[in-house]
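The working numbering puts the first residue of the sequence shown at 15, with every later residue one more than the last.
Take a look at the structure set out below.
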Amino acid sequence: MGQGYDSGTRGGSQSDSFDPRFAGGDGSTLQSRGAGFPGFEGQNLEDLIANAERNLYEPVLFQFDSSSIAPSERAKLDQVASFLKGADRVGIVLEGHCDWRGTQEYNLALGDRRAKSVENYLSTLGVNASVMQTLSQGDLQATEGASSAQMAKERKVELLIIR
């Protein structure tokens with residue numbers, strides 16, 4: 015399915031069995047999970063993500079090695095919840111990211127915890143779980159050797175709107 019990565023290395027080797035860009039924290043892939051959003055059943059989630067609106071909402075930022083949502087970030091999610099509860103045939107992919115520090119496996123799991131933390135918070139605001147999917151990018155999009163300021167921007171959950 016694309017470029018895979020060897021454990022513990024960046025850049026890795028070719029692999030048809032695993033692509034961390036499309037991995038859930040449980041090791042499932044978007045291809046194996048498929049789209050489960052109401053109105054999008056049976057559609058390829060990978061394709062939906064490729065066409066998602068990525069910049070409609072600011073990403074939710076996290077502290078180093080944390081999946082806790084800071085009070086200052088909750089206002090962003092309050093806006094997202096209002097939008098999702100009032101929209102028809104809309105889904106959201108919660109895409110967790112990490113900075114480059116840590117192993118690939120650890121960062122995939124941390125990205126998943128961050129995405130699930132956002133999903134849980136949105137659920138407490140009344141967003142139906144059926145319109146949300148989580149995904150971890152881990153450190154795949156991180157810049158190795160980045161400054162502290164840049165790494166702070168890489169520790170996030172991006173909010174991808176599917177219409």
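Glycine included, C-beta positions come from ideal geometry on N, C-alpha and C.
Its chain contains Ile175 as the residues whose beta carbon lies nearer than 6 Å to that of Leu70, once the 5 sequence neighbours on both sides are disregarded; these appear in chain order.
Per DSSP, the beta-bridge partners of Leu174 are Val107.
In the structure shown, Leu75 adopts extended strand secondary structure according to DSSP, grouped into three states. With contacts defined by Cβ atoms closer than 8 Å, Leu108 and Val132 form a contacting pair. Take Gly140, set aside five residues on each side of it, and the residues of its chain with a beta-carbon closer than 7 Å to its own are Ala95, Lys99, in chain order. With a beta-carbon spacing of about 5 Å, Pro73 and Glu172 fall inside the 8 Å limit used to define contacts. Distances from the CA of Trp114 to each of Gly125, Gly105, Ala101 were compared; the closest alpha carbon is that of Gly125. A residue is called buried once 16 or more other Cβ atoms fall within 10 Å of its Cβ, and Phe78, having fewer, is exposed. Every beta strand (DSSP E) stretch that sits fully inside the segment 87 to 174 and reaches 3 residues is listed by chain position as 105 to 111, 146 to 152. Here the alpha carbons of Leu75 and Ile106 stand approximately 17 Å from one another.
As DSSP reads the structure, Glu67 sits in a beta bridge with Ile175.
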